[in-house]
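A short worksheet on the structure shown next.
Numbering (this note's numbering), first residue to last: 64 to 328.
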């Protein structure tokens, strides 16, 4: 009887200790990667509303404008991050072997809208981020459709506030790519956007409508695990239509914001 009492007492103490334990979120401090492989956006992940204005101002075709933005953005990422981190451009590695890896990454990639992540900047301390509790939705492609009362319904989401995230059903493609290039992290530029808001007839008519440059990005480690993802954006005047000016003045702003809101030191 005494032995049974001791067992019950011990069980009670154990349960109380569990109930009083406060499980803190998984806080992850910023870190310095050894080598980052930068993966440019897939050409189909290019959304530019005002391309006809760019075409007219620069006398270029759709393909020429797309390639210019893609190459210029990649160059600026390497330039800005490369000041403090060893970066490799998969776009600029033009050997057939390297291009095969880029093609394979695109073939295995899946995309979905999820909530963006945000770095925290405490005073006099290293910046950090909180690992999402629902990390699986970042690592796996999940449908936003559900069946209710026999009807298919979709969850209404404001895409302007969402991250267009990249994911991989099979991590081996990332593991093999990292083994080939020797990188410990991947930086994916998931999507490139220049969006114009024509909702106001007055601003649309007089050319003062708002316009935004936006990039969606995700970070994975060499094991194929999702680490971080968000988007970065800045305003672009509707009167600025020269490609060189856009890439030289506004791309650095977007990329510096991306770097700041990333777990990289």
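Beta carbons are placed, not taken as given, at the ideal position from N, Cα and C, and that holds for glycine.
For residue i, name the three-state secondary structure that DSSP assigns.
i           : result
residue 256 : strand
residue 228 : strand
residue 152 : strand
residue 147 : coil
residue 165 : helix
residue 329 : No answer is possible for residue 329: it lies beyond the span of the chain, which begins at 64 and ends at 328.
residue 160 : helix
residue 104 : coil
residue 183 : strand
residue 261 : coil
residue 131 : helix
Counting C-beta neighbours from all protein chains within 10 Å, is the total for residue i 16 or more, i.e. buried, or is it exposed?
i           : result
residue 188 : exposed
residue 125 : exposed
residue 167 : exposed
residue 185 : exposed
residue 282 : buried
residue 295 : buried
residue 248 : buried
residue 170 : exposed
residue 278 : buried
residue 92  : exposed
residue 223 : exposed
Determine which residues share a DSSP beta bridge with residue i and list them.
i           : result
residue 177 : 226
residue 94  : 327
residue 297 : 276
residue 109 : 255
residue 284 : 248
residue 192 : 91
residue 172 : 231
Just to confirm before moving on: does the CB-CB distance between residue i and residue j stay below 8 Å?
i           : j           : result
residue 139 : residue 128 : no
residue 177 : residue 225 : yes
residue 314 : residue 135 : yes
residue 253 : residue 228 : yes
residue 144 : residue 193 : no
residue 293 : residue 180 : yes
residue 261 : residue 321 : no
residue 230 : residue 274 : no
residue 137 : residue 154 : yes
residue 304 : residue 116 : yes
Using a Cβ-Cβ cut-off of 6 Å (strictly less than) and excluding sequence neighbours within five positions of residue i, which residues of its own chain qualify?
i           : result
residue 239 : none
residue 318 : 139, 140, 143
residue 159 : none
residue 285 : 241, 247
residue 121 : 306
residue 164 : 240
By Cβ distance, which residues of its chain are closer than 7 Å to residue i, with the 5 residues on each side in sequence left out?
i           : result
residue 244 : 100, 151
residue 104 : 133, 252, 253, 254, 255
residue 90  : 191, 193
residue 324 : 181, 182, 293, 295
Near residue i, what residues of its chain come up, given a Cβ to Cβ distance below 8 Å and the 5 sequence neighbours on each side ignored?
i           : result
residue 94  : 326, 327, 328
residue 299 : 257, 274, 275, 276, 309, 313
residue 183 : 190, 191, 192, 193
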